[in-house]
Ligand code: ADP
Ligand code: ZN
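In our numbering, the protein residues as written are 1 to 600.
In structure tokens, the structure reads:
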């Protein structure tokens, strides 16, 4: 019997209406057409093929690059009462036979496969012997060499239209890059597919950048005031630092675990498992952590070091708030970071043109850190997307930064670089400006320069801030030997000649202990409701433990919040709650209403 998509959405998944282009995508597939779907993380890509899979006859085949992702999706689907399975190398014989039996009996609605597995001749034969409703190619950017996760087997998926000409295909990705898009269309033969391009904005993520002298202390202030009990990811550059920061957060009373490529496999897997299965865990990781993490309730992503470029930043921060509830992207940023990354690029042995691209991307990132206007607008503009008005949910919108005309000081800083022969780093230059002569300076005769000691109007911190902004603006560049000496870039000439002005973004003094404006904790519930929410969270943990699945596959936080506010006391009222369909109503309805009824 064919069910209508709306009915499936309501009864199986427990949601009232389709989002964005979901409905059109679903209708296109059901009518036999191909689709290319570009939607940001958390946009709701999965339902685009899961709903048709339930409506159409046969089994939908989902190509997924990682075993962890498949297991997560299948576990989540089974919670909805959907017959889904996968075939992969981690299965034992029994499990595999069981999946194949359900496929043959025609009950299996979704089958998850890696591209390697799908392309094996015996798998292709197997699929030919069964009715396949559609092919969904998830993380389709893996087909692109320009992307960050190239997988060569993805290219061979171009055999599907020839081998299964009547089976509709849908390719999905959250990667915005135009070049990557082009490659998906070309290598997956999707020229005739309908394209659904959604805005890449993540409105629920609040972006913040702080100029931090002590980034660890600032991080703690942020976590303590904004996310006292929330799960989050902290990114660092080095392995040693991840361990040190994790230890430090643990001393502060949080559950914080390190994650990096140098750890023993078992320990790393254990830490990831705890992050997924326990509530409120913080993982302190190098960028190795993230791909394959589908946890929807990551409430914050913090960068203790600058990411490589804006693309990487967007991808890493995108792991926050997939469930659509408020989340934060926080980053600390200092002159030291800028110097480190700059000299990384300069002293790398990449080919000249590649180095230029890296240098350019770093400059763009620095520029974004220093802007005084809406961060979201600038971020989306970088991905070729226009936003009409400011977002109201980034640090610059919430507390517009002060801007000061620092033309005079900027000129002084540039002159100092020039007069000392473009051979010195920031510390030395600031000492010259502030007239703090030492032996080395005297030997160089720099204590006798006319500008020596003329910069006492600013303290050291203010000078560092100004130098950082001159580097970000591209007027000062790092030497290519990686010694940290600064050189003048020709673009500083108008400023030196008095034809241009320099506006400096002033650092705000953080107000100790007070929470930042615009902070919205998703669990901001009335006093009484909060206790019920916590009790429901406890119930969810117990249910999850009993089945060895992550808590979020039982209920998302949004569902718990709706339950805590509306307090349904009758099992039949549960279908009104978003995220509870008939499957979950049957499974957990009784325990939920019992808990709510027993609550004062
Ligand atoms: P993506 O794969 O695009 O990152 P998901 O498919 O995981 O996103 O969906 C993100 C979240 O949004 C999930 O919690 C999902 O259940 C929810 N969601 C998707 N579609 C809808 C909808 N139409 N109404 C309500 N919630 C939805
Ligand atoms: Zn903004």
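We treat Cβ as the ideally placed atom computed from N, Cα and C, and that holds for glycine.
Burial is judged here by how many other beta carbons sit within 10 angstroms of a residue's own beta carbon; residue 167 has at least 16 and is buried.
In this structure, the straight-line span from the alpha carbon of residue 493 to that of residue 349 is close to 30 Å. For residue 339, the enclosing alpha helix (DSSP H) starts and ends at 335–347. Distance from the C-beta of residue 296 to the nearest heavy atom of the ligand ADP is below 7 Å. Fewer than three beta-carbon pairs drawn from the segment 173–190 and the segment 67–75 are found closer than 8 Å, and the two stretches are therefore not classed as touching.
As the crow flies, the alpha-carbon of residue 347 is around 14 Å from that of residue 357.
Counting every other CB atom within 10 Å of its CB across the protein chains shown gives residue 197 a total below 16, marking it as exposed. Under DSSP, residue 172 forms a beta bridge with 37. For residue 481, no alpha helix (DSSP H) run applies, since DSSP gives it neither H nor E. For the ligand ADP, a non-hydrogen atom lies closer than 7 Å to the CB of residue 578. Of 69, 504, 497, the smallest CA-CA separation from residue 276 is found for 69. Here the distance from the Cβ of residue 556 to the nearest heavy atom of the ligand ADP is below 7 Å. The segment 2–13 and the segment 46–65 touch, with three or more beta-carbon pairs separated by less than 8 Å. Sixteen is the threshold: when 16 or more other Cβ atoms of the shown chains lie within 10 Å of the Cβ of residue 303, as they do, the residue is buried. The secondary-structure analysis by DSSP pairs residue 504 across a beta bridge with 404.
DSSP, reduced to helix, strand and coil, places residue 104 within a helical segment of the structure shown. Those residues whose C-beta sits under 7 Å from the nearest heavy atom of the ligand ZN are, from N- to C-terminal order along the chain, 374, 375, 376, 377, 390, 391, 392, 393, 394, 396, 397.
When C-beta atoms of the segment 398–408 are compared with those of the segment 497–508, three or more pairs fall below 8 Å, so the two segments count as touching. Non-local C-beta neighbours of residue 341 in its own chain, meaning closer than 7 Å and more than five positions away in sequence, comprise 306, 362, ordered along the chain. Among the bridge pairs identified by DSSP, residue 282 is matched with 232, 256.
Per DSSP, residue 530 is not a residue of any beta strand (DSSP E); the alpha helix (DSSP H) it occupies stretches across 527–547. In the DSSP secondary-structure assignment, residue 205 is bridged to 327. When Cβ pairs closer than 8 Å are counted between the two stretches, the segment 16–24 is seen to touch the segment 32–51, the count reaching three or more.
C-alpha of residue 9 to C-alpha of residue 25: approximately 14 Å in a straight line. Looking at the DSSP output, residue 62 shares a beta bridge with 112, 136. Secondary structure at residue 85: strand, using DSSP grouped into helix, strand and coil. In terms of Cβ geometry, residue 144 and residue 170 do not form a close pair [threshold 8 Å].
Residue 584 is positioned such that its CB atom lies no closer than 8 Å to that of residue 71. With respect to residue 282, residue 231 sits close: the two C-beta atoms are nearer than 8 Å. Pairing residue 272 with residue 259, the inter-Cα distance amounts to about 8 Å. Separation of residue 219 and residue 253 (C-alpha to C-alpha, rounded to the nearest whole angstrom) is 14 Å.
Comparing C-alpha distances from residue 555 to each of 570, 538, 571, 569 shows the shortest one belongs to 538. For residue 38, the shortest separation between its Cβ and any heavy atom of the ligand ADP does not lie below 7 Å.
Residue state for residue 301 is assigned as strand, using DSSP reduced to three classes. Residue 332 carries a strand assignment under DSSP once its states are collapsed to helix, strand and coil. Distances from the CA of residue 395 to each of 440, 419, 332 were compared; the closest alpha carbon is that of 332.
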